[in-house]
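Counting in this note's numbering, the first sequence runs from 1164 upward without gaps.
Glycine residues also receive a C-beta, built at the ideal position from the N, C-alpha and C atoms.
Quantities reported herein were computed from a predicted structural model and do not represent experimental measurements.
To start, the structure under review is shown below, and the notes come after it.
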Amino acid sequence: MGRARRVVDADPENAACGCFGENGSISLRTMAAERSDPKTIRLPGRLLKRSFFEAPPEQVAPRLLGKLLVRRTPAGVIAGRIVEVEAYLGPHNDPPDPAAHSHRGRTPRNWVLFGPAGHAYVYSIYGLYYCMNISCEEEGQAGSVLLRALEPVMGADRMARNRGLAQGAAARALACGPGCLCQALEITRPEHNGLDLLKAASPLQVRDDGFCVPEALVTPRIGIRHAAERLLRFAVPGCNCVSGPKPGTKGFSGARVSIG
DNA sequence: ACTCGGATTCTCT
DNA sequence: GAGAATCCGAGTA
């Protein structure tokens, strides 16, 4: 992969608006804090407010692009910038969303989706991987956003190790896809399902460092059977850490929209 | 109790 | 592009 990656300052005051280099990379510079004591470490940016997530998932999803998913562990911090998401609509919507885990109502598996906004819904898939959603809307309404891909920001070496890849593996191989993302950040259902992502003490947080993504690529969702035609997948245009078909290639359908 | 299939990923052709 | 790996929740009986 190219080495001329664009560097963006982590400080919200100095954060630039989202522009992507030729290789589609938006990596932050690796911070010295990455290797410090996790108890005294300063995490990048600030926690998002609950109100950010108290909205319909099709609105939250595009706004989530460019935000940071931060994983604190005793061994250090792993973080990535969210570059691809999908919205899943709660059963109160008309028309309903048959692809959503919540579409048949509350169950022992999906109860987090019906709880307050800003919490992690982690489920296992194919007996092999985990996928992570963030709950949206007010308590009782089950909209959510699936995190599909991150661009590595901190702890890329650790992410590579978690993924069984060599040190220095391509950035796009680390967290490109919902299963890969959880593997890279050591996110599991037993440990993280139901966690509040908006608490400073949480091992899993969503933060905003001021990085702004002005436009999103809107496409059909990937890998689902029902309601596959609905345009509820959102990605950062030009970012090569995004999964799925690329614009201009066979199999791509979608459009650019500005994020409000 | 039993069956079915999945918001995936990797490997091989 | 196809097929395998592999578990558990959900639906049906």
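Would you list the one or two residues that DSSP bridges to residue i?
i: D1371; result: R1209
i: L1231; result: R1244, R1370
i: N1359; result: Here residue 1359 is Asp; the residue named in the question, Asn, does not match the sequence. DSSP output for D1359 lists H1282 as bridge partner(s).
Rounded to whole angstroms, what's the CA-CA distance from residue i to residue j? Just pull it up for me.
i: R1335; j: G1401; result: 12 Å
i: A1173; j: G1208; result: Per-residue confidence for A1173 stands at a pLDDT of 40, beneath the threshold of 50, marking its modelled position as unreliable; the derived number appears in the next sentence. A1173 and G1208: Cα-Cα distance of roughly 7 Å.
i: D1260; j: E1300; result: 15 Å
i: I1422; j: I1288; result: 31 Å
i: L1339; j: T1412; result: The identity of residue 1339 in the sequence shown is Cys, whereas the question assumes Leu. About 18 Å.
i: A1319; j: C1345; result: 14 Å
i: T1270; j: K1409; result: 36 Å
i: N1403; j: I1245; result: 12 Å
i: Q1368; j: E1247; result: 17 Å
i: L1227; j: A1333; result: 24 Å
i: C1180; j: F1215; result: For C1180, the predicted structure reports a pLDDT of 47, less than 50, and the residue's modelled location is therefore unreliable. A value from the coordinates is still provided. Cα to Cα, the separation comes out at about 19 Å.
i: E1197; j: N1256; result: Residue confidence is low: E1197 scores 47 on pLDDT, short of 50, so the model does not pin down where it sits. Its coordinate-derived value is still stated next. Going from the Cα of E1197 to the Cα of N1256 covers about 42 Å.
i: A1391; j: A1329; result: 35 Å
i: A1364; j: I1387; result: 35 Å
i: G1290; j: R1272; result: 15 Å
I'd like to know whether the C-beta atoms of residue i and residue j end up nearer to each other than 8 Å.
i: R1370; j: L1231; result: yes
i: L1337; j: P1315; result: yes
i: A1262; j: Y1251; result: yes
i: P1279; j: G1268; result: no
i: T1382; j: R1396; result: yes
i: G1306; j: P1219; result: yes
i: S1406; j: A1312; result: yes
i: L1380; j: R1419; result: yes
i: V1240; j: M1295; result: no
i: G1342; j: A1283; result: no
i: V1285; j: Y1292; result: no
i: R1205; j: G1281; result: no
Check each candidate in the options and name the one with the smallest Cα separation from residue i.
i: E1354; options: A1224, R1235, K1413; result: R1235
i: I1297; options: E1217, L1394, G1386; result: E1217
i: S1265; options: L1291, Q1222, Y1293, L1309; result: L1309
i: R1324; options: C1339, G1340, A1347; result: A1347
i: V1275; options: Q1222, A1312, V1248, R1352; result: R1352
i: F1277; options: E1302, A1224, R1244; result: E1302
i: Q1222; options: V1399, K1212, E1249; result: E1249
i: C1375; options: G1229, L1211, N1256; result: G1229
i: G1414; options: V1399, R1384, D1372; result: R1384
i: G1373; options: L1210, R1388, P1258; result: L1210
i: A1398; options: R1272, N1273, E1378, P1258; result: E1378
i: H1389; options: P1258, Q1304, R1326; result: P1258
Could you give the residue range of the beta strand (DSSP E) that holds residue i?
i: R1311; result: 1307-1317
i: A1418; result: 1418-1421
The alpha helix (DSSP H) that contains residue i, what's its start and end?
i: C1345; result: 1341-1347
i: E1354; result: 1352-1355
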